[in-house]
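Note that the protein sequences, when read in sequence, are chains B and Y. Going by numbering that gives the first Met the number 0, the first sequence opens with residue 0, and the numbers climb by one from there. Going by numbering that gives the first Met the number 0, the second sequence opens with residue 0, and the numbers climb by one from there. Backbone N, C-alpha and C fix where the C-beta goes; we use that ideal spot for every residue, glycine too. Keep in mind the model is a prediction, meaning the values are calculated, not measured. Only one structure is covered here, and it is reproduced in the block below.
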Amino acid sequence: MSTTTIETVLKAPTERRWLPAAIVWVVLLSAPLWLPLVGGYTALASHVLVMGLVAMALNFLLGFTGVMSFGHAAYFGLGVYGAGLTLRYISNSTLLALLFGILLGGLVGTVLGALIARRRGVYFAMVTIAFGQIFYYIAYSWNSFTGGYDGLRGFSRQPLHFGPLVIDIQNNGTLFYYFVLAVFAICIGLMAFLLASPFGRTLIAVRENQRRARFLGIAVDRHIWLSFSISCYFAAAAGALYALLNNFADPMSLHYSLSGEIVIMAVMGGMRSFWGPLVGAAVFVILQDYISSMTENWMSCIGLLFVLVVMFFPRGLLGVLQRRGSP
Amino acid sequence: MLQLVLFNVTNGLIIGAFYVLMALGVAMILNLSNVINFAHGNFLALGGYFAFVLTPYIGFWGALVVAPPLVAVIGYLIERVMIRRVYSRDPVYSLLLTFGLAFILQDACRYIWGTTGLPLTVPASLSQGISSELFFITGYRLFMMAIVAIAVIGLFAFLRYTRMGVRIRAGTLDLDTVAALGINVRLLRSFNFAVGIYLAGLAGVLAGGQIGLNPNMGDDLLMPAFIAVIVGGVGSLTGTLLGGLLIGVASALTTVFFPSAQEAVIYVIMAVVVLIRPRGLMGEEGMLT
Numbered sequence: 000m001s002t003t004t005i006e007t008v009l010k011a012p013t014e015r016r017w018l019p020a021a022i023v024w025v026v027l028l029s030a031p032l033w034l035p036l037v038g039g040y041t042a043l044a045s046h047v048l049v050m051g052l053v054a055m056a057l058n059f060l061l062g063f064t065g066v067m068s069f070g071h072a073a074y075f076g077l078g079v080y081g082a083g084l085t086l087r088y089i090s091n092s093t094l095l096a097l098l099f100g101i102l103l104g105g106l107v108g109t110v111l112g113a114l115i116a117r118r119r120g121v122y123f124a125m126v127t128i129a130f131g132q133i134f135y136y137i138a139y140s141w142n143s144f145t146g147g148y149d150g151l152r153g154f155s156r157q158p159l160h161f162g163p164l165v166i167d168i169q170n171n172g173t174l175f176y177y178f179v180l181a182v183f184a185i186c187i188g189l190m191a192f193l194l195a196s197p198f199g200r201t202l203i204a205v206r207e208n209q210r211r212a213r214f215l216g217i218a219v220d221r222h223i224w225l226s227f228s229i230s231c232y233f234a235a236a237a238g239a240l241y242a243l244l245n246n247f248a249d250p251m252s253l254h255y256s257l258s259g260e261i262v263i264m265a266v267m268g269g270m271r272s273f274w275g276p277l278v279g280a281a282v283f284v285i286l287q288d289y290i291s292s293m294t295e296n297w298m299s300c301i302g303l304l305f306v307l308v309v310m311f312f313p314r315g316l317l318g319v320l321q322r323r324g325s326p
Numbered sequence: 000m001l002q003l004v005l006f007n008v009t010n011g012l013i014i015g016a017f018y019v020l021m022a023l024g025v026a027m028i029l030n031l032s033n034v035i036n037f038a039h040g041n042f043l044a045l046g047g048y049f050a051f052v053l054t055p056y057i058g059f060w061g062a063l064v065v066a067p068p069l070v071a072v073i074g075y076l077i078e079r080v081m082i083r084r085v086y087s088r089d090p091v092y093s094l095l096l097t098f099g100l101a102f103i104l105q106d107a108c109r110y111i112w113g114t115t116g117l118p119l120t121v122p123a124s125l126s127q128g129i130s131s132e133l134f135f136i137t138g139y140r141l142f143m144m145a146i147v148a149i150a151v152i153g154l155f156a157f158l159r160y161t162r163m164g165v166r167i168r169a170g171t172l173d174l175d176t177v178a179a180l181g182i183n184v185r186l187l188r189s190f191n192f193a194v195g196i197y198l199a200g201l202a203g204v205l206a207g208g209q210i211g212l213n214p215n216m217g218d219d220l221l222m223p224a225f226i227a228v229i230v231g232g233v234g235s236l237t238g239t240l241l242g243g244l245l246i247g248v249a250s251a252l253t254t255v256f257f258p259s260a261q262e263a264v265i266y267v268i269m270a271v272v273v274l275i276r277p278r279g280l281m282g283e284e285g286m287l288t
């Protein structure tokens, strides 16, 4: 990949780290205020947060462990179905749906990760794609339970009850946005904490040079497996939020084409920066929303975006900024 | 019952033959260039559509000969202009590139030839059944099997007995050494890519005659092709061949007993193989694992 020196690896977290984070949080917290002015709407902002979360979850693996998963839609989609099925068949508690969604995607990712983690390079990517498609076919063919091709309907997110306090995220889009933002914040906080911990430093060592890490006595396979599992829990959390956002579970949310979109969000934003994937997700979601309303040939436009990013913009939006900032 | 099983085994071999053609192309490109070609199924569709356009002028036989090389030329150009540039970078970029290409090619087919299915007419001499007892063994199906067999034997002979083929196999094992011996690796990779795409184009013409043409016709074959490569073992084309036939027959036999599990069974086979024998049935130890 690139040749990051020890100094940049070690310096990065301390040097002016609060500034980008502060900008991001101010923008996200105030989004419902300024969005209508620029022609946006709150559901789109929630969508950006959800895709940003899954792209950052993927980047935990791709950017900070140096392992390329092309099957993350599976764990995202399991989160979607986990939450949807919980609300449909088990309970009408939004928080329980969120929890079960996270657990379904995360546990499946943990189990499959044990099989996948010993592969490397493109072969790793290939196995993740193929394993990911299993769940697409299950959701697609188990008509009576998952709704098959048409997707799972007949559920909706419910208001939150905290004792006497009732937060109506069901009908109020802005409140739901803040609910998504809260879950997003918890996940991102956990991710940042993990990356700053010795465990996270070890993952970066694995990314930089697997052989050297192994010589230093680091159990590389186990760290990749752990990183994969953690990433799947966060991806599933994003998926569960996605189900709550749309009140609908779509089998396409399990399809490998979504996996590709998640990867392009991370790469387009800059996979070496913490906030890059969020920026990439915002650009991608807004472009997709705009293009698909403009032309029937939106697939070509998205495909062209992939090609252009790869050919001319491989470092991503924030990657370019970072490089300019540090001499 | 016997007839039903026989019917499904025949089906399985035919489906397996398509998996094999697709998977061999995917595997060749993966082995030598370290690129997973997501657009492989779209090159297949392109082969079918080229044959559709050519058939009125040169007939089905002419199209069968001309369409696959045309697709290979397009593949060659795409490799020259785009894919070649990302070989030296992290593999994530080549994946994203072929992913984007798949979107563009699929949309282009839809734009030019429309979303609705088109028929590819095959000569009447091929479309009759052999006998009323075995109605499902049509001449066309036998013909497809024969063409696939010829293509596979031709490919293996090419890799074994020609200078270029030996270089491709050597490059699969150790590309740096091959380059150090003064062989033009860039040309080798381009040529290898074109051969892989040729196989996809050929599969497209054959599949078009059987199931008709639509812009997504290759999509259903892409994932089984990946699985055939994983099951057979990366680095071994013989393994890929066996893997493709195995999952084709297995999914067809499952159709007899549990029709709803016909997709699932190939994933189960893959999971079992990855669990018990991580490098695949015939994979080389240490290759890309």
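When the distance is taken between beta carbons, is V107/B closer than 8 Å to Y241/B? Walking along the first sequence from the start, residue 241/B turns up at place 242. Walking along the first sequence from the start, residue 107/B turns up at place 108. No, the pair does not count as a contact, with Cβ atoms beyond the cut-off.
For L303/B, which residues in chain Y fall below 9 Å Cβ to Cβ? The sequence position of residue 303/B within the first sequence is 304, counting from 1. The answer, in chain order, is G99, F102, I103.
8 Å Cβ cutoff met for F192/Y and G74/Y: Within the second sequence, residue 192/Y is the residue found at index 193, counting from 1. Within the second sequence, residue 74/Y is the residue found at index 75, counting from 1. Closer than 8 Å, so yes.
Hey, could you find the ends of the alpha helix (DSSP H) L94/Y is sitting in? Start at 1 with the first residue of the second sequence, and residue 94/Y comes out as number 95. 90–112 is the extent of the alpha helix (DSSP H) around L94/Y.
Classify I185/B as helix, strand or coil using the three-state DSSP reduction. Position 186 of the first sequence, counted from the first residue, corresponds to residue 185/B. It is helical.
Using a 10 Å radius around the Cβ and a threshold of 16 neighbouring Cβ atoms, would you call Q2/Y buried or exposed? Sequence index remark: in the second sequence, residue 2/Y carries index 3 (1-based). An exposed status is given to Q2/Y, since fewer than 16 other beta-carbon atoms sit within 10 Å of its beta-carbon.
Taking the straight line between their C-alpha atoms, what separation do you get for R200/B and M55/B? Taking the first sequence and counting its residues from 1, one reaches residue 200/B at position 201. Taking the first sequence and counting its residues from 1, one reaches residue 55/B at position 56. Answer to the nearest angstrom: the Cα atoms are 17 Å apart.
Going residue by residue through the region 163–208 of chain B, where are the continuous alpha helix (DSSP H) segments of at least 4 residues, counting only ones entirely within it? List check, alpha helix (DSSP H) in window: 172–195, 197–207.
Starting from the beta carbon of F183/B, find every residue of chain Y whose beta carbon is closer than 7 Å, and list them in chain order. Indexing the first sequence from 1 puts residue 183/B at position 184. Per Cβ cutoff of 7 Å: no residues; F183/B is ~25 Å from chain Y at best.
Can G207/Y and G61/Y be called in contact, C-beta distance under 8 Å? As a working mapping, residue 207/Y is identified with position 208 in the second sequence. As a working mapping, residue 61/Y is identified with position 62 in the second sequence. No; because the gap between Cβ atoms is not below 8 Å, this pair is not in contact.
I'd like to know whether the C-beta atoms of F123/B and M190/B end up nearer to each other than 8 Å. If you number the first sequence from 1, residue 123/B lands on position 124. If you number the first sequence from 1, residue 190/B lands on position 191. Against a cut-off of 8 Å, the Cβ pair of M190/B and F123/B comes out as no contact.
Please report the Cβ distance between L20/Y and A202/Y, rounded to the nearest whole angstrom; I am assuming they are in contact, meaning their Cβ atoms lie under 8 Å. Your numbering for residue 20/Y matches position 21 in the second sequence. Your numbering for residue 202/Y matches position 203 in the second sequence. Sure, about 4 Å apart at Cβ, within 8 Å.
Paired residues, beta bridge with A248/B - DSSP: On the first sequence, position 249 is the one that residue 248/B refers to. In the DSSP output, where bridge partners are listed per residue, A248/B has L151/B.
Residues of its chain near L9/B, where Cβ-Cβ distance is below 8 Å and the 5 sequence neighbours each way are ignored: Here residue 9/B refers to the residue found at position 10 of the first sequence. Any reading at L9/B must be qualified, since the residue scores a pLDDT of 48, below 50, and its modelled position is unreliable; no value is offered.
Cβ separation of G76/B and L253/B, assumed to be a contact under 8 Å, to the nearest whole Å: Locating residue 76/B in the first sequence gives position 77, counting from the first residue. Locating residue 253/B in the first sequence gives position 254, counting from the first residue. G76/B to L253/B, Cβ: 3 Å. Contact.
Under 9 Å by beta carbon: chain B residues contacting A335/Y: There is no way to answer for residue 335/Y, as the model of chain Y reaches only from 0 to 288.
P122/Y, buried or exposed, once every other Cβ within 10 Å from all chains shown has been counted against 16: Against the second sequence, residue 122/Y aligns to sequence position 123. So P122/Y counts as exposed.
Opening and closing residue of the alpha helix (DSSP H) in which F312/B lies: Here residue 312/B corresponds to residue number 313 of the first sequence, with the count starting at 1. Per DSSP, F312/B belongs to no alpha helix (DSSP H) and is neither H nor E.
Whole angstroms is fine: what's the gap from T127/B's alpha carbon to L97/B's? The count along the first sequence starts at 1 and reaches residue 127/B at position 128. The count along the first sequence starts at 1 and reaches residue 97/B at position 98. Cα to Cα, T127/B sits roughly 24 Å from L97/B.
So, do the region 215–223 of chain B and the region 82–90 of chain B have three or more beta carbon pairs nearer to each other than 8 Å? no
Contact check, Y255/B vs G131/B under 8 Å by CB: the rounded distance? The residue given as residue 255/B occupies position 256 in the first sequence. The residue given as residue 131/B occupies position 132 in the first sequence. So it is a contact: roughly 6 Å between Cβ atoms.
Taking a contact to mean a Cβ-Cβ separation below 8 Å, would you say P67/Y touches G200/Y in this structure? Here the question's residue 67/Y lines up with position 68 in the second sequence. Here the question's residue 200/Y lines up with position 201 in the second sequence. Result yes, Cβ atoms of P67/Y and G200/Y sit closer than 8 Å.
Which residues share a DSSP beta bridge with F161/B? The sequence position of residue 161/B within the first sequence is 162, counting from 1. BP columns for F161/B point to L164/B.
Look at the alpha carbon of G11/Y and the alpha carbon of R140/Y, and state the distance between them as a whole number of angstroms. Locating residue 11/Y in the second sequence gives position 12, counting from the first residue. Locating residue 140/Y in the second sequence gives position 141, counting from the first residue. Near 12 Å, if we compare the C-alpha coordinates of R140/Y and G11/Y.
Reduced DSSP category for V177/Y - H, G, I as helix; E, B as strand; rest coil: Indexing the second sequence from 1 puts residue 177/Y at position 178. Helix.
For T115/Y, list the residues DSSP reports as bridge partners. If you number the second sequence from 1, residue 115/Y lands on position 116. In the DSSP output, where bridge partners are listed per residue, T115/Y has none listed.
For E262/Y, does the count of other Cβ atoms within 10 angstroms reach 16, so buried, or fall short, so exposed? What you label residue 262/Y is simply residue 263 of the second sequence in a count that begins at 1. Looking at its Cβ environment, which holds 16 or more other Cβ atoms inside 10 Å, E262/Y is buried.
Are the beta-carbon atoms belonging to L290/Y and R168/Y less than 8 Å from one another? The displayed coordinates of chain Y run from 0 to 288. Any statement about residue 290/Y would go beyond what the structure contains.
Stretch pair the region 157–165 of chain B + the region 21–34 of chain B: three plus CB contacts closer than 8 Å: no
What's the call for S259/Y, buried or exposed, on a 16-neighbour Cβ count within 10 Å? Residue 259/Y sits at position 260 when you count from the first residue of the second sequence. S259/Y is exposed by the Cβ-count criterion.
So, helix, strand or coil for I13/Y, using DSSP? What you label residue 13/Y is simply residue 14 of the second sequence in a count that begins at 1. Note: I13/Y maps to helix in three-state DSSP.
L1/Y by DSSP, collapsed to three states: which one? Locating residue 1/Y in the second sequence gives position 2, counting from the first residue. Three-state result, L1/Y: helix.
So the alpha helix (DSSP H) F123/B belongs to, where does it begin and stop? Your numbering for residue 123/B matches position 124 in the first sequence. If you look at F123/B, you'll find it in the alpha helix (DSSP H) that goes 120–140.
Buried or exposed for M0/Y, please, with buried defined as at least 16 other CB atoms from any protein chain shown within 10 angstroms of its CB. For the purposes of this step, residue 0/Y is taken as residue 1 along the second sequence, with counting starting at 1. So M0/Y counts as exposed.
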